[in-house]
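First comes the structure, then the notes that go with it.
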Amino acid sequence: MPELPEVETTRRGVEPHLTGATITDVVVREGRLRWPVPPALAATLSGLPVLAVRRRAKYLLLEFASGTLLVHLGMSGSLRLVAADTPPQKHDHIDLILDGRTALRYRDPRRFGAMLWHIGPVEFHPLLAALGPEPLGDAFDADTLYRASRGRTTSIKQLLMDNHVVVGVGNIYANESLFQAGIRPGRAARRLTHADCERLAAAIKSILARAIEAGGSTLRDFVGASGKPGYFQQTYAVYGRAEEPCHTCGSLIRQIRQGQRSSYYCPHCQPW
């Protein structure tokens, strides 16, 4: 599933092409996504210029004067910029035609993504209203994480993946951040000290920033808006490396199951 770095990579890729461009048509070949595509989307968007392209958590927000288009890539979705007359392939479900020349093409083999129209302040949309702070913003820091962890018996890794606490820290980047901070994924959140939270908050910001610069990770079908894959997976310290030697100390990476997900850690570099 595309995580925050992959979605931010996509945003940065499409933003220069979308901002200021006018939607001249919308072609919906398959509207049965996670939620149905609004049937009047073409009539709603045609003739409107794109004012901005933002991201909130894993949602891309295309802003117009009259509303916002929320785009979610689901588990296997991607956005590509192609010539408007490029023949669609299988799973190419939606085209936003820009100035009659270019298409922002939405591809989604599993159809778990979404493209929804919202009128009014987008932060009040039901999918966004209860989300926690952005991990790369000033609202997320050691104090925020420390307060959220008090009294919580859940593991710190599962806490990091709670979008009410902080958004966008999915499985890959939670594992990598915990390794950088020297904290095991199974440690009870309430047992973290403020110093632990300082290391962990800094690690999350560092890991996500590095992943964005690397274009994200390539898992299954994910590629960025240019059609090129991300490369952060080549630098994983622990994720997906069970029984392989730690790059730092040589100990074998261990794997455990937490909440239907695999977690990875180094028993030496993450002592507790």
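In terms of the UniProt record's numbering, the numbers along the sequence shown are unbroken and rise by one, the last being 272.
For glycine and all other residues, C-beta sits at the position ideal for the given N, C-alpha and C.
These numbers were taken from a predicted model, which means no experiment stands behind them.
Pairing Leu4 with Leu145 gives a Cβ-Cβ distance that is not under 8 Å. One Cα belongs to Gly259, the other to Arg187, and the distance between them is close to 14 Å.
By the criterion of at least three beta-carbon pairs nearer than 8 Å, the segment 109-118 is in contact with the segment 28-42.
Going by beta carbons, Arg152 and Ala181 fall outside the 8 Å limit.
Rounded to the nearest angstrom, the gap between the Cα atoms of His93 and Leu73 is 12 Å. Distances from the CA of Val166 to each of Ile212, Arg261, Gly215, Gly132 were compared; the closest alpha carbon is that of Gly132. Counted as a single uninterrupted DSSP element, the alpha helix (DSSP H) harbouring Gly13 occupies residues 4-18.
The alpha-carbon of Ser66 is positioned some 8 Å away from that of Gly120. Annotated as proximal: Ser251 and Pro267, with beta-carbon spacing under 8 Å. Under DSSP, Leu98 takes part in a beta bridge, and its partners are Ile23, Thr102. With fewer than 16 other beta carbons inside 10 angstroms of its own, Glu243 counts as exposed.
In this structure, DSSP gives Arg29 a state outside helix and strand, which the three-state scheme calls coil. Short of 7 Å from the beta carbon of Ala84, and not among the five residues preceding or following it, lie these beta carbons of its own chain, in chain order: Ile97, Gly100, Arg101, Thr102, Ala103. Taking 8 Å as the cut-off, the beta carbon of Arg110 is found no closer than this to the beta carbon of Ser78. In this structure, the straight-line span from the alpha carbon of Asn175 to that of Tyr239 is close to 6 Å. DSSP lists no beta-bridge partner residue for Met161. Note on geometry: alpha-carbon atoms of Arg261 and Thr44 lie some 40 Å from one another. Note: Leu200 is not bridge-paired with any residue in the DSSP secondary-structure output. Exposed is the label assigned to Phe124, since fewer than 16 other Cβ atoms lie within 10 Å of its Cβ. Residue state for Ile156 is assigned as helix, using DSSP reduced to three classes.
Taking Ile156 as reference, the option from Ala129, Tyr236, Arg190, Arg147 with the minimal CA-CA separation is Arg190.
Rounded to the nearest whole angstrom, the CA to CA distance from Leu70 to Pro126 is 12 Å. Under DSSP, Pro36 forms a beta bridge with Arg32.
His164 is the residue among Gly137, His164, Arg241 whose C-alpha sits nearest the C-alpha of Ser149. In this structure, the alpha-carbon of Ala130 lies about 20 Å from that of Glu63.
Taken through DSSP and simplified to helix, strand or coil, Gln258 comes out as strand.
CA-CA distance, Phe140 to Glu134, rounds to 6 Å. The beta carbon of Asp196 is closer than 8 Å to those of Ala181, Ile183 in its chain, skipping five residues each way along the sequence. Val27 sits away from Val53, with the two beta carbons spaced by 8 Å or more.
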